[in-house]
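Below is one structure; the comments refer to it alone.
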Amino acid sequence: MIIDHPLLGPRDSSEFTYLGDARLIDRPDPDGGDAAAAFYQYAYLRDNPAGWHRELWFHEAGDRSWLVVTRNTLTHEISKVELASDVARAQGRSK
Amino acid sequence: MRYSGFRVIKEALTGHKGWKPAWRDPEPASYYDIVIVGGGGHGLATAHYLAKEFGQARVAVIEKGWIGGGNVGRNTTIVRSNYLLDGNEPFYEFSLKLWEGLEQDLNYNAMVSQRGILNLIHSDGQRDAFIRRGNAMILNGADADLMTTEAIKKKYPFLNTDDARFPIKGGLAQHRGGTVRHDAVAWGYARSADSRGVDIIQNCEVTGFRIENGVCKGVETSRGFIGAGKVGCAVAGSSGRLLSLANMRLPIESHVLQAFVSEGLKPVLPGVITFGAGHFYCSQSDKGGLVFGGDIDGYNSYAQRGNLPVVEDVCEGAMAIFPMLGRARLLRMWGGVMDMSMDGSPIIDRTHIDGLYFNGGWCYGGFKATPASGFAFAHLLARDEPHPTATAYRLDRFEKGYMIDEKGVGNQPNLH
Numbered sequence: 001m002i003i004d005h006p007l008l009g010p011r012d013s014s015e016f017t018y019l020g021d022a023r024l025i026d027r028p029d030p031d032g033g034d035a036a037a038a039f040y041q042y043a044y045l046r047d048n049p050a051g052w053h054r055e056l057w058f059h060e061a062g063d064r065s066w067l068v069v070t071r072n073t074l075t076h077e078i079s080k081v082e083l084a085s086d087v088a089r090a091q092g093r094s095k
Numbered sequence: 096m097r098y099s100g101f102r103v104i105k106e107a108l109t110g111h112k113g114w115k116p117a118w119r120d121p122e123p124a125s126y127y128d129i130v131i132v133g134g135g136g137h138g139l140a141t142a143h144y145l146a147k148e149f150g151q152a153r154v155a156v157i158e159k160g161w162i163g164g165g166n167v168g169r170n171t172t173i174v175r176s177n178y179l180l181d182g183n184e185p186f187y188e189f190s191l192k193l194w195e196g197l198e199q200d201l202n203y204n205a206m207v208s209q210r211g212i213l214n215l216i217h218s219d220g221q222r223d224a225f226i227r228r229g230n231a232m233i234l235n236g237a238d239a240d241l242m243t244t245e246a247i248k249k250k251y252p253f254l255n256t257d258d259a260r261f262p263i264k265g266g267l268a269q270h271r272g273g274t275v276r277h278d279a280v281a282w283g284y285a286r287s288a289d290s291r292g293v294d295i296i297q298n299c300e301v302t303g304f305r306i307e308n309g310v311c312k313g314v315e316t317s318r319g320f321i322g323a324g325k326v327g328c329a330v331a332g333s334s335g336r337l338l339s340l341a342n343m344r345l346p347i348e349s350h351v352l353q354a355f356v357s358e359g360l361k362p363v364l365p366g367v368i369t370f371g372a373g374h375f376y377c378s379q380s381d382k383g384g385l386v387f388g389g390d391i392d393g394y395n396s397y398a399q400r401g402n403l404p405v406v407e408d409v410c411e412g413a414m415a416i417f418p419m420l421g422r423a424r425l426l427r428m429w430g431g432v433m434d435m436s437m438d439g440s441p442i443i444d445r446t447h448i449d450g451l452y453f454n455g456g457w458c459y460g461g462f463k464a465t466p467a468s469g470f471a472f473a474h475l476l477a478r479d480e481p482h483p484t485a486t487a488y489r490l491d492r493f494e495k496g497y498m499i500d501e502k503g504v505g506n507q508p509n510l511h
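Chains A and B, in that order, are what the protein sequence lines are. Its first residue numbered 1, the first sequence is counted upward by one per residue in this note's numbering. Its first residue numbered 96, the second sequence is counted upward by one per residue in this note's numbering.
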């Protein structure tokens, strides 16, 4: 698989380390009332879809940036690659 | 029809006209006591043990494609019970004991071959870890043998024990481990279950669960609604996809694992050997091909095919330990979808929905577990209590903090 890095251009996926579902960006509030249940779901439960999947890849052997890659789990086709920091900022986060 | 040597001779002399299909092709009934979703090894084994050991006859196995077309026909056929943790080892040893009596139980030649498995040791730390594992195995009634370099040299003279980079310092052997003809396992279980009245319904895709007031009443399928007292799901890599139809999220990611076979060779490898300095395992099939594999690709996938970096990695492992493999051509490679759980161990449990049961999370070690998985799932479905060897395989163990993490790498499925 070739991941089209937003800054570096097309890179081989073997330069990257895979973390998983991009929902892992949204860490639950540790002070929330349902923190235990929310962290259980955050840490252990996954949608695991057959089809389009937004997921976190780390460019470990490159610029060490985190990417959000939109990839089809049935075909391995990649439709969109974003910097995870841009995705987080777009959600109102400061970093 | 019982299979026997006499029967083979009789059919040979009469033009092989007497063989009958090994199982029926029934239309689905409107109701079964138990419906098993998934006609793979685990689902068919569950049906066999439900009928044979637990007296359940009104059972159906529903399969989207054809039986045995998924992971039971895609694995590297290895059976063993060399686990460390208390939650795992008794279960896998139970499974190995069932393998040992499988062919007599099923009246089917599954080519169970206890040719032994050897995990190579390349460092002092690894020796300590394997001694601990071997002791855990022996404590749970399995066999384990710490082999010296000399003993390994004698049994496997082609191994380079003095390799400068990965010297072989010994090995942990389980002589009762080995290989089994994987397709025959699916077919043998199917034939046995069918002969005891189980309906095996192929080309029948589950499209939904009918859940009323928190109780599962049956499954919607591409061939109509099928009512059920209990529904058991044993669909391995498709677990997330299937259980999402019941609005469940699972502690599972689906990943692709590749496997490989070389061209046929004369006998060169008398057992199963695993390389301890990388992730590589290899055995020789009775047809002569060297069957081998390594790591999963490491990203979510339902594609049943992988990518080239892992092919390279596996072949590097092969060349490190068996340089002779470099002279053989790679004949075929393929992929299967693994239900990678969050702690690397499986789940056999009820769900929060009454009448809906789940069997999955086998990671890439489901084949060796097939008989015990079927037996334990049948036990759970028939009696509503877990089999004594499978009590740790609870669905809520992640929430409660009772992980069964053999490698101790935490909730990262692609590292298990």
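By construction, the Cβ of each residue, glycine as well, lies at the ideal position given by its N, Cα and C atoms. As the structure is a computational prediction, the values presented were derived from the model and not from experiment.
Since residue i and residue j should fall inside the 8 Å C-beta cutoff, what is the C-beta to C-beta distance between them, to a whole number of angstroms?
i         : j         : result
Val512(B) : Ile157(B) : Because chain B here runs from 96 to 511, residue 512(B) falls outside it and cannot be looked at.
Leu56(A)  : Ala22(A)  : 5 Å
Gly421(B) : Ile131(B) : The Cβ separation is near 44 Å, so there is no contact.
Gln353(B) : Val363(B) : Contact flag wrong, Cβ pair sits at about 22 Å.
Phe189(B) : Thr484(B) : 5 Å
Tyr44(A)  : Phe453(B) : With a Cβ gap of about 15 Å, Tyr44(A) and Phe453(B) do not count as contacting.
Ala341(B) : Ile306(B) : 6 Å
Ala329(B) : Gly138(B) : 4 Å
Leu332(B) : Asp434(B) : In the sequence on display, residue 332(B) carries Gly and not Leu. With 8 Å as the limit, Gly332(B) and Asp434(B) qualify as a contact, their Cβ atoms being about 5 Å apart.
Which residues in the same chain as residue i place their Cβ atom closer than 7 Å to its Cβ, once the five residues preceding and following it in sequence are excluded?
i         : result
Ser436(B) : Pro346, Ile347, Ile442, Gly456, Cys458 and Pro508
Pro6(A)   : Val81, Glu82 and Leu83
Arg97(B)  : Asn202
Ile226(B) : Leu241
Closer than 6 Å by C-beta to residue i: which residues in its own chain qualify, once you throw out the five before and the five after it? Chain order, please.
i         : result
Ile212(B) : Arg175, Gln269, Gly272 and Val367
Gly324(B) : Asp128
Leu338(B) : Leu345
Met1(A)   : Ser13 and His76
Asp438(B) : Met498, Ile499 and Asp500
Pro10(A)  : Ile2 and Asp4
Ala61(A)  : Glu15
What are the start and end residues of the alpha helix (DSSP H) that includes residue i?
i         : result
His474(B) : Thr465 to Arg478
His143(B) : Gly136 to Glu148
Asn230(B) : Asp219 to Leu234
Glu245(B) : Thr244 to Lys250
Asp278(B) : His277 to Ser290
Could you check what DSSP says for residue i in three-state terms: helix, strand or coil?
i         : result
Val363(B) : coil
Cys299(B) : coil
Tyr44(A)  : helix
Val409(B) : helix
Gly503(B) : coil
Met1(A)   : coil
Asn166(B) : helix
Ser14(A)  : helix
Tyr127(B) : strand
Glu198(B) : helix
Val87(A)  : helix
Ile104(B) : helix
Leu337(B) : helix
Trp161(B) : coil
Does any residue of chain A have a CB that is nearer than 8 Å to the CB of residue i?
i         : result
Leu78(B)  : Nothing about residue 78(B) can be reported from this structure: the residues present for chain B run from 96 to 511 only.
Gly393(B) : yes
Asn166(B) : no
Gly503(B) : no
Tyr488(B) : no
Arg336(B) : yes
Met517(B) : Look at the range of chain B in this structure, 96 to 511, and you will see that residue 517(B) is not part of it.
Ser440(B) : no
Ala398(B) : yes
Can you tell me where the beta strand (DSSP E) holding residue i begins and where it ends?
i         : result
Glu315(B) : Val310 to Thr316
Phe462(B) : Taken as a continuous stretch (DSSP letters only), Phe462(B) belongs to no beta strand (DSSP E), as it is neither H nor E.
Gly401(B) : Careful: Gly401(B) lies outside any beta strand (DSSP E) and carries neither H nor E.
His53(A)  : Trp52 to Phe58
With a cut-off of 8 Å, does the C-beta of residue i fall near any C-beta of chain B?
i        : result
Asp26(A) : no
Thr70(A) : no
Gly20(A) : yes
Ala50(A) : yes
Ser79(A) : no
Ser94(A) : no
His76(A) : yes
Ile14(A) : In the sequence as presented, Ile is not what sits at residue 14(A); that position holds Ser. Yes, Ser14(A) counts as interfacial toward chain B.
Glu55(A) : yes
For residue i, go through chain D and note every residue whose CB falls closer than 8 Å to its CB, in chain order.
i         : result
Pro346(B) : No chain D is present in this structure, whose protein chains are A and B.
CB-CB under 8 Å to residue i, same chain, minus the five flanking residues each way: which ones, in chain order?
i         : result
Lys382(B) : Gly359
Lys264(B) : Ile216, His217, Ser218, Asp219, Gln221, Arg222 and Thr244
Val293(B) : Ala142, His143, Leu145, Ala146, Ala152, Val154, Ala155 and Val156
Ile173(B) : Ile212, Gly272, Gly273, Thr274, Val367, Tyr376, Ser378, Phe462 and Lys463
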